[in-house]
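Engineer:
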Amino acid sequence: MERRPKDGNIVESSRAERAAEFFGQGYNCCQSVFLAFCDKYGIEQETALRLSCSFGGGMGRMRQVCGAVSGMALVCGLETGNTDCRNQQAKTENYETMRRLAEAFRRENGSIVCGELLGLTDAEKKAETSAPSYRTAEYYKKRPCKELVRCAAEILEKEFY
4 MERRPKDGNI
14 VESSRAERAA
24 EFFGQGYNCC
34 QSVFLAFCDK
44 YGIEQETALR
54 LSCSFGGGMG
64 RMRQVCGAVS
74 GMALVCGLET
84 GNTDCRNQQA
94 KTENYETMRR
104 LAEAFRRENG
114 SIVCGELLGL
124 TDAEKKAETS
134 APSYRTAEYY
144 KKRPCKELVR
154 CAAEILEKEF
164 Y
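Numbering (my numbering), first residue to last: 4 to 164.
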């Protein structure tokens with residue numbers, strides 16, 4: 004993704020910046036993170052969007068694991084996942100990497116749980132429905148999600164690039 008600053012020169016934006024831009028366009032947290040990396044693995048955008056769609060809102064808007072963290076997990080799987088179900092060492096290495104990524108996110112943000120990151124009360128979480136919120140200017144003002152998406156992508160960039 005190219006950006007053209009005021010001086011007119013074209014510069015390549017970071018994957019973290021791309022992720023934040025995707026979120027600003029209306030994609031959910033997981034989609035935004037995964038979409039920023041899918042080209043590296045030869046995954047078409049439509050496929051990436053479909054694969055990551057259900058993880059938004061803390062998985063189907065249940066406010067569980069943050070979608071940005073789920074996006075990190077998808078990229079982690081592409082980087083370190085294994086295909087041999089008997090290879091315990093490869094599984095362990097993948098899980099260790101994912102735990103390290105999640106811990107880095109937790110250190111930066113205090114949690115990996117969507118509802119906690121949003122500061123929702125138990126009553127607010129119970130009142131949540133599957134219907135996504137409309138992306139209005141007010142929505143973007145009160146939600147930390149764009150910065151959480153950027154943070155997740157920055158962690159991935161540090162780990163794998």
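No residue lacks a Cβ here, since even glycine has one placed at the ideal position from N, Cα and C. Bear in mind that the values here come from a model prediction, so they are computed numbers and not experimental data.
So is cysteine 79 buried or exposed if we call it buried at 16+ other beta carbons inside 10 Å?
Structural biologist: For the purposes of this step, residue 79 is taken as residue 76 along the sequence shown, with counting starting at 1. Label assigned to cysteine 79: buried.
Engineer: Return yes when the Cβ of glycine 74 is within less than 8 Å of the Cβ of cysteine 117, no when it is not.
Structural biologist: Translated into positions along the sequence shown, residue 117 becomes position 114. Translated into positions along the sequence shown, residue 74 becomes position 71. Not closer than 8 Å, so no.
Engineer: Give me, in chain order, the residues of the same chain whose beta-carbon lies closer than 8 Å to that of cysteine 56; leave out the 5 immediate sequence neighbours on both sides.
Structural biologist: Residue numbering aside, residue 56 sits at position 53 when the sequence shown is read from its first letter. Contacts found: Asn31, Cys33 and Gln34.
Engineer: Which runs of the alpha helix (DSSP H), 4 residues or longer, sit entirely within the stretch 9-58?
Structural biologist: Entirely contained in the stretch 9-58, the alpha helix (DSSP H) runs reaching 4 residues are, in chain order, 18-28, 32-38 and 48-56.
Engineer: Between the stretch 55-69 and the stretch 130-138, do at least 3 Cβ pairs fall closer than 8 Å?
Structural biologist: Touching, yes, given that three or more Cβ pairs across the two stretches are closer than 8 Å.
Engineer: CA-CA distance, glutamate 160 and alanine 19?
Structural biologist: On the sequence shown, residue 160 is found 157 positions in, with the first residue counted as 1. On the sequence shown, residue 19 is found 16 positions in, with the first residue counted as 1. Straight-line Cα distance between these residues: approximately 8 Å.
Engineer: Could you give the residue range of the alpha helix (DSSP H) that holds glycine 80?
Structural biologist: Against the sequence shown, residue 80 aligns to sequence position 77. Taken as a continuous stretch (DSSP letters only), the alpha helix (DSSP H) holding glycine 80 covers 70-83.
Engineer: Please list the terminal residues of the continuous alpha helix (DSSP H) segment that includes threonine 132.
Structural biologist: Numbered from 1 along the sequence shown, position 129 holds the residue referred to as residue 132. Per DSSP, threonine 132 belongs to no alpha helix (DSSP H) and is neither H nor E.
Engineer: Where does glycine 113 land, buried or exposed, given buried means 16+ other C-beta within 10 angstroms?
Structural biologist: The residue you call residue 113 lines up with position 110 of the sequence shown. Exposed, since its Cβ has fewer than 16 Cβ neighbours within 10 Å.
Engineer: Got a sec, what are the start and stop residues for the alpha helix (DSSP H) tyrosine 143 sits in?
Structural biologist: Working through the sequence shown from its first residue, we reach residue 143 at position 140. 140-145 is the extent of the alpha helix (DSSP H) around tyrosine 143.
Engineer: Is any beta-carbon of chain C found at less than 8 Å from that of arginine 102?
Structural biologist: Going by chain labels, chain C is absent from the structure shown, which holds only one protein chain.
Engineer: Measuring straight from C-alpha to C-alpha, what distance separates methionine 4 and phenylalanine 26?
Structural biologist: Within the sequence shown, residue 4 is the residue found at index 1, counting from 1. Within the sequence shown, residue 26 is the residue found at index 23, counting from 1. Per-residue confidence for methionine 4 stands at a pLDDT of 44, beneath the threshold of 50, marking its modelled position as unreliable; no derived number is given.
Engineer: Just the C-alpha distance for glutamate 111 and glycine 122, rounded to the nearest angstrom, thanks.
Structural biologist: Position 108 of the sequence shown, counting from 1, holds the residue named residue 111. Position 119 of the sequence shown, counting from 1, holds the residue named residue 122. In a straight line, the C-alpha of glutamate 111 is about 16 Å away from that of glycine 122.
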